[in-house]
Structures are given as C-alpha cells and as structure tokens.
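Those sequence lines, one after another, are chains F and R.
This note's numbering applies: residue 6 is where the first sequence begins, and numbers increase by one.
This note's numbering applies: residue 201 is where the second sequence begins, and numbers increase by one.
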Amino acid sequence: MFDGRDPVYLQIADQIRQDVLSGALAAEEQVMSTTQYATTFRINPATAAKAFNQLVDEGVLYKRRGVGMFVAPGARERLVAESRESFFTDTVDPVAEAAHVLNIPVEDVVARLRARAAHLAATTDTTTTDTEAAR
Amino acid sequence: MTATPGYGVTLRGVTQRFGDTVALDGVDLEIRPGTITGLLGRNGSGKTTLGSLVAAFRRPTSGQVLVDGEDPWENERTAPGVCLVRESGDVLDEDRLRDNLDFFAGARPTFDRAFAAELMDLFELDPKSKPSKLSRGKKSAFGITIGLASRAPLTVLDEVHLGLDAPSRYAFYDALLADYLAHPRTIVLSSHLIEEIERLLEDVVVLDRGRVLLTQDADSLRAEGVSVTGPQDAVDAFVAGRTVLGTQRLGRTAQVTVRGGLTDADVARARATGLDLGPVPLQDLFVHLTDPRRRDGAAPAHAESEVLP
Chain F
6 MFDGRDPVYL
16 QIADQIRQDV
26 LSGALAAEEQ
36 VMSTTQYATT
46 FRINPATAAK
56 AFNQLVDEGV
66 LYKRRGVGMF
76 VAPGARERLV
86 AESRESFFTD
96 TVDPVAEAAH
106 VLNIPVEDVV
116 ARLRARAAHL
126 AATTDTTTTD
136 TEAAR
Chain R
201 MTATPGYGVT
211 LRGVTQRFGD
221 TVALDGVDLE
231 IRPGTITGLL
241 GRNGSGKTTL
251 GSLVAAFRRP
261 TSGQVLVDGE
271 DPWENERTAP
281 GVCLVRESGD
291 VLDEDRLRDN
301 LDFFAGARPT
311 FDRAFAAELM
321 DLFELDPKSK
331 PSKLSRGKKS
341 AFGITIGLAS
351 RAPLTVLDEV
361 HLGLDAPSRY
371 AFYDALLADY
381 LAHPRTIVLS
391 SHLIEEIERL
401 LEDVVVLDRG
411 RVLLTQDADS
421 LRAEGVSVTG
431 PQDAVDAFVA
441 GRTVLGTQRL
451 GRTAQVTVRG
461 GLTDADVARA
471 RATGLDLGPV
481 PLQDLFVHLT
491 DPRRRDGAAP
501 AHAESEVLP
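Have a look at this one:
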C-alpha cells in the first residue's frame with residue numbers, strides 16, 4: 006500500500022477521495038484519526054496530517070473540534086463533477102493508446118465497455134443512482 | 201500532547217577530527233524539535249560521531265553544537281533530557297536488566313517503569329539476566345527498551361535494531377510510533393534499513409564522508425526521485441538537462457533514475473513518447489546519492505541549465 010510515484014500524503018488523500026467517491030465513506034461519516042492512520046499504516050503522523058489538511062482545504066473533509074474529521078456534505082457530488090472532467094484524459098485516453106499499440110479494434114473496446122456497463126447496471130443497487138440523477 | 205514537543209538540535213560549522221581522520225567536516229545542521237528524523241549515511245559517514253556530540257559524550261574539535269538552544273557539554277539542564285542508545289547498547293553489562301532499569305530510571309526524570317516493563321514483555325526479556333549474557337538480538341531489544349522508556353525530549357537511536365529479527369523490528373516500529381504519538385518528542389533514528397523505516401520519518405538527514413549531503417522532509421525527498429523507462433532514444437531525450445543519478449541499459453531499453461520533481465507537462469510528455477515513470481524508493485535514492493563514483497565528478501544539480509547572457 007502507498008507505493009506509487011506521488012508522496013505518501015497525496016496517496017492517502019487520493020485513497021480517501023476514492024472512498025468518498027465510491028460511497029464507502031458517506032457524508033457526515035467520521036474518518037479515521039491521524040493517530041489511527043499513522044499506527045494502522047505505520048507512517049509518520051505528520052504525513053497523515055498533511056493528507057487530512059489537504060482534504061479539509063479542498064472541502065472534502067471538515068473538522069469538528071475535539072471530535073475528529075468528517076466527510077463534508079456535498080463532497081461526493083463535487084468529487085464526481087471533478088472526476089468527470091478528468092475522466093477522458095486520465096482514463097479513456099490511455100486505453101485508446103494501449104489499444105492502438107496492441108492493434109485492438111476500437112469496436113472491440115466499445116463492445117467490452119457496453120458489456121461491462123450492462124453488467125454493472127444489473128448488479129448495482131439504488132444507492133448509487135443519485136449519480137445518474139445528477140446527469 | 202505535552203507542553204514540550206522535544207529538543208531541537210543545531211550544528212554550526214562542526215568539525216570533529218580523530219588524529220588525521222576528519223569524522224565531521226564543517227557540518228551545518230538543523231533537527232526540528234518534535235520530529236522523527238532519519239539520520240542516514242554509509243558506514244564511516246559520521247553518524248555515530250554526530251550522536252556522541254549531541255549526547256555530549258565528547259566536544260567537537262571546532263564549531264558549535266546546540267541542544268534545545270544550549271551547549272550540551274556538562275549541561276545539567278539538557279543532560280537528563282538527551283538519551284543516546286548505540287548498537288553497543290550503552291548499558292551496564294554486568295548488572296541484571298532489572299538493576300539497569302533502576303539505574304536509568306534514577307538518571308532520567310521522564311523514565312516510565314511501567315512502559316519499560318511492557319517493552320521487556322514484548323521483547324521477551326528476562327529482568328534477571330545480564331546484558332553480557334544476552335544474544336545480539338536481545339541486547340538490541342534491551343537498548344530499545346531503555347531508549348523508548350526514557351521518553352527523553354531528545355532520543356537518538358543509532359542502529360539499535362540491526363540485531364533484531366524481522367518480527368521484533370516491526371514490533372519496535374509499532375511501539376516507537378505509538379509511544380511517539382502519545383508522548384511527542386524528538387527522535388533521531390539512524391539505520392541502514394532505510395526501506396523499513398522511511399515511512400516513519402518526517403525529516404531525513406543524509407551524511408556522506410563527514411558532510412551533510414541533504415536535509416529534507418522525507419515525503420518530498422521520495423517524490424524527487426523518478427525512474428524513466430522506455431526506448432533508449434526517447435529516454436535519453438527526456439532526461440537531457442536533468443540530474444541523472446543512475447543509468448541501466450538492457451538491449452534497446454534504458455532505465456534512468458533522475459532527481460528533480462516532474463511537472464504535469466513532463467508527465468504528459470513522457471506518456472506521449474511511450475515512457476514509463478516509476479517511483480524510486482528512498483533507499484535507492486540514497487544508494488545513488490552516496491555512490492562513490494558520483495562523489496568527485498558529480499555534476500551540481502543545475503550545471504546544465506542555460507545561463508542567459
């Protein structure tokens with residue numbers, strides 16, 4: 006865990022963002038404390054604190070004095086909006102490049118995306134449909 | 201959180217000679233109070249000498265050492281607050297562990313007997329045995345017990361855990377982190393096991409042949425090293441003008457380790473030319489930076505940047 010190219014605190018912040026995006030962390034839910042984070046992942050507490058501070062600055066988390074850090078209301082919706090903007094450059098373009106290198110026809114890629122989307126639609130329950138509603 | 205987050209350390213132009221040998225050569229250094237700072241260096245780089253100076257085991261040949269703003273030499277205020285544990289243990293070899301604990305508890309107002317007992321259990325140390333009769337691993341464990349239970353505002357642990365097996369080392373890291381969180385203080389951790397300790401560190405000091413090679417916060421240092429892998433020509437074009445730390449070639453593929461953060465534009469350019477960017481662990485960065493082949497002919501970081509007329 007945490008061995009990408011980015012500094013560890015950016016990776017921690019990213020992981021929490023992903024948890025908020027996926028709904029694993031709901032609005033108003035308390036996140037682990039700096040202390041818990043540091044001991045669980047065996048990292049320096051200043052590193053963990055840096056990640057939390059960044060998320061507070063971004064409005065993903067907010068601090069309740071003496072209690073801890075919580076997921077900000079509306080954080081997920083904001084993250085969804087931001088992630089949509091970067092989705093094509095960060096996620097789709099590399100797929101197109103890899104497919105090009107491997108000589109995989111675009112139609113095959115599209116077919117795969119359709120099949121996967123149909124599978125997700127069939128297995129996903131109503132809790133994630135507010136994303137659909139936002140469209 | 202306590203009122204004292206720990207002692208800071210400042211060295212100004214510190215030189216330490218032993219006869220013809222220069223152990224430390226004009227060292228300027230700052231260790232921030234309340235941090236876990238990693239002191240890294242190859243054998244003979246001056247780490248142990250630095251520890252001895254800070255703990256006032258000796259005075260420097262020249263220059264100034266400050267601990268919590270004061271000269272630690274024969275200083276009654278700072279002495280009880282500085283705890284140096286070296287690989288050798290620095291304990292009373294012929295006294296039972298129990299009596300050793302009594303001795304150190306008497307010498308240090310911050311010593312916590314209950315925590316010491318906990319650590320003795322954790323490392324399966326028998327209070328009735330003597331340090332001289334212990335295995336290397338158990339000796340290390342006892343040094344760690346003294347070092348952590350002292351809760352000194354400045355604790356210097358110099359290669360204390362080299363003799364421990366892997367499970368005991370992880371038990372040590374966990375105990376260190378948990379106790380540091382509960383009782384913030386300055387901890388200087390020197391170790392060759394960089395891979396294992398790097399995440400514990402807030403700051404890093406690298407010594408090389410008696411000089412400070414760099415002082416930096418660990419996270420940004422780690423982000424500085426990048427490995428660039430891909431077709432030889434594309435790699436060479438990408439790394440031109442950067443500080444190259446190491447190069448490996450296999451057939452037409454090259455992997456070059458560079459120092460210096462990449463911008464988003466750099467990352468995009470690398471991706472567009474089919475290059476893979478990867479992390480460089482702190483340990484590899486350390487190996488590159490202290491490579492003797494780099495030492496004399498090493499180009500300064502900005503040697504290749506253009507100078508406008």
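Think of the CB as a built atom: it goes at the ideal place given N, C-alpha and C, for glycine as much as any other residue.
message: Beta carbons nearer than 9 Å to chain R: which residues of the region 33-53 of chain F have them?
response: 39, 40, 43, 44, 46, 47, 48, 49, 50, 51 and 52
Validate contact between the region 380-396 of chain R and the region 408-424 of chain R using beta carbons, cut 8 Å, 3 pairs: The region 380-396 of chain R vs the region 408-424 of chain R: no contact.
message: Comparing C-alpha positions only, which one of 426(R), 407(R), 280(R) and 364(R) sits nearest to residue 490(R)?
response: 407(R)
- request: From the DSSP output, in three-state form, read off residue 351(R) for me.
  value: coil
- prompt: Hey, out of 464(R), 436(R) and 466(R), whose CA is closest to residue 454(R)'s CA?
  reply: 436(R)
query: Can you give, in chain order, each stretch of the alpha helix (DSSP H) that sits fully within the region 376-410 of chain R and has at least 4 residues?
result: 394-397
task: Would you mind giving the Cβ-Cβ distance between residue 460(R) and residue 424(R), rounded to the nearest angstrom? I have them listed as a contact below 8 Å.
output: 6 Å
- prompt: Is the beta carbon of residue 298(R) less than 8 Å from the beta carbon of residue 327(R)?
  reply: yes
- request: Grab the span of the alpha helix (DSSP H) containing residue 86(F) for me, first residue to last.
  value: 80-92
message: Here's a check: name, in chain order, each residue in its chain whose Cβ is nearer than 7 Å to the Cβ of residue 233(R), leaving out the five neighbours to either side.
response: Excluding positions up to five away in sequence, the list reads 205, 206, 207, 208 and 386.
query: What residues in the region 94-114 of chain F bring their beta carbon closer than 7 Å to a beta carbon of chain R?
result: none
message: According to DSSP, simplified to helix, strand and coil, what is residue 207(R)?
response: coil
query: What is the residue span of the beta strand (DSSP E) that residue 68(F) lies within?
result: According to the DSSP assignment, residue 68(F) belongs to the beta strand (DSSP E) that extends over 66-69.
Neighbour-count burial assignment, residue 319(R), 16 or more Cβ in a 10 Å radius: buried
field: 8 Å Cβ cutoff, residue 207(R) in contact with chain F
entry: no
query: Can you list, in chain order, the residues of its chain whose CB lies under 7 Å from that of residue 235(R), leaving out five sequence neighbours each side?
result: Excluding five sequence positions before and after residue 235(R), the CB atoms of its chain that fall closer than 7 Å to its own CB belong to 386, 402 and 403, given in chain order.
field: Exposure of residue 220(R), with buried meaning 16 or more beta-carbon neighbours within 10 Å
entry: exposed
message: Using DSSP's beta-bridge definition, name the partner residues of residue 270(R).
response: 267(R)
query: Using a Cβ-Cβ cut-off of 7 Å (strictly less than) and excluding sequence neighbours within five positions of residue 334(R), which residues of its own chain qualify?
result: 342
message: I want to see whether chain F comes within less than 8 Å of residue 402(R), judged by CB atoms only; does it?
response: Chain F, which has a Cβ nearer than 8 Å to the Cβ of residue 402(R), makes this yes.
Listed by chain order, chain R residues near residue 13(F) by CB distance under 8 Å: Simply 399, 419 and 422.
task: Note down the Cα distance separating residue 18(F) from residue 63(F), rounded to an integer number of angstroms.
output: 10 Å
query: Roughly how many angstroms lie between the CA atoms of residue 13(F) and residue 482(R), to the nearest whole one?
result: 12 Å
task: Return the first residue and the last residue of the beta strand (DSSP E) that residue 454(R) is part of.
output: 453-459
query: For residue 384(R), does the count of other Cβ atoms within 10 angstroms reach 16, so buried, or fall short, so exposed?
result: buried
query: What three-state label does DSSP hand residue 284(R) in the structure shown?
result: strand
Exposed unless 16 or more other CB atoms sit within 10 angstroms - verdict on residue 68(F): exposed
query: Which word fits residue 128(F), buried or exposed, when buried means at least 16 other C-beta atoms lie within 10 angstroms of its C-beta?
result: Residue 128(F) comes out exposed.
Buried versus exposed, by CB contacts within 10 Å (16 or more), residue 216(R): buried
query: For residue 49(F), does the count of other Cβ atoms within 10 angstroms reach 16, so buried, or fall short, so exposed?
result: Its Cβ being crowded by 16 or more others within 10 Å, residue 49(F) is buried.
query: What is the residue span of the beta strand (DSSP E) that residue 112(F) lies within?
result: It is not in any beta strand (DSSP E) - residue 112(F) instead sits in the alpha helix (DSSP H) that spans 111-128.
message: Here's a check: name, in chain order, each residue in its chain whose Cβ is nearer than 8 Å to the Cβ of residue 397(R), leaving out the five neighbours to either side.
response: 238, 373, 389 and 391
message: If you reduce the DSSP assignment to three classes, tell me which class residue 217(R) lands in.
response: strand
query: chain F beta carbons: is any one of them nearer than 8 Å to that of residue 377(R)?
result: yes
task: Find the residues of chain F that neighbour residue 381(R), judging by a C-beta separation of less than 9 Å, and give them in chain order.
output: 39, 40, 43, 44 and 50
message: Within a Cβ cutoff of 6 Å, which residues of the same chain sit near residue 59(F), ignoring the five residues on either side of it in sequence?
response: 18
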